[in-house]
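Numbering (this note's numbering), first residue to last: 2 to 223. Each residue gets a CB set at the ideal place from its N, CA and C atoms; glycine is no exception. These notes are about the structure you will find just below.
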Amino acid sequence: MKIFATSDIHGNKNIMQKIEQVLQQYQPDMLLICGDVLVNPRASSFDKYIQKQHRNYQEFKEYVSSLNTQVFYILGNDDFLEGDATDKCYLNSPQGVLVPFDSVSITPFSTYREVTVEQQRVELSQIPVQPDTIVVAHDVPYGCLDQIYSGRSVGSTAILEFIKEKQPSIWLCGHIHEAFGAQRLYNTSVFNCACDPRISKLRGWIIDTEKDYRSNFIRIEV
Ligand SMILES: [Mn+2]
């Protein structure tokens, strides 16, 4: 299975157009979007902010359903609403080898889907892991593709422990935009797929799970 994994598009229309170009060029079997899919609109109140995000979610759902590729997405901590369980592209339960994980560790910004490390540990303990499991997550493991501009690591220790213990084949994530990259962590291939929406830069990874994805993947940065 050939996957194009990206994340943190934050409703950026240029990035959404670029995704279509990448799908045309590389013809993956599946597009995975690892959360933070909606715009962070200017609004005079939090209610209006949420209203705008709800409208943007409708547009986003129409966009992904219009693509000629199988799409699965999760929502991130900057998407201040619940996913639409009736949307076939919304990954809210395991689908084959794909397992969603949308909660993030506590940030200084009081965003959505933040939980304590203990709570994340509980949620992670419920993830069914097979050797070929691909976790579609938003948050990153501590110490791996998790450095903010200051150089400080802000990833999740619960995710690090989970990967060490269970070693799924692939952990896809985003969240820390400045830490886009690919790295091995124990026996798991971790891909931070975060775009840079401020400069409309699409980033992500083409990963072919039938080939040697551990060392062979294509970096997308357009
Ligand atoms: Mn983000």
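- In the structure shown, A86 adopts coil according to DSSP, grouped into three states.
- According to the DSSP assignment, E222 belongs to the beta strand (DSSP E) that extends over 218 to 222.
- Not one heavy atom of ligand 1 falls within 8 Å of the beta-carbon of A138.
- Proximity of the beta carbon of G77 to ligand 1 is indicated: a heavy atom of the ligand is located closer than 8 Å.
- Not one heavy atom of ligand 1 falls within 8 Å of the beta-carbon of G156.
- The alpha-carbon separation between V141 and Q18 amounts to approximately 26 Å.
- Within the region 96 to 166, the complete beta strand (DSSP E) segments at least 3 residues long are 99 to 102, 135 to 138, listed from N- to C-terminus.
- A distance of 9 Å or more separates the beta carbons of A195 and W172.
- In the structure shown, Q22 adopts helical secondary structure according to DSSP, grouped into three states.
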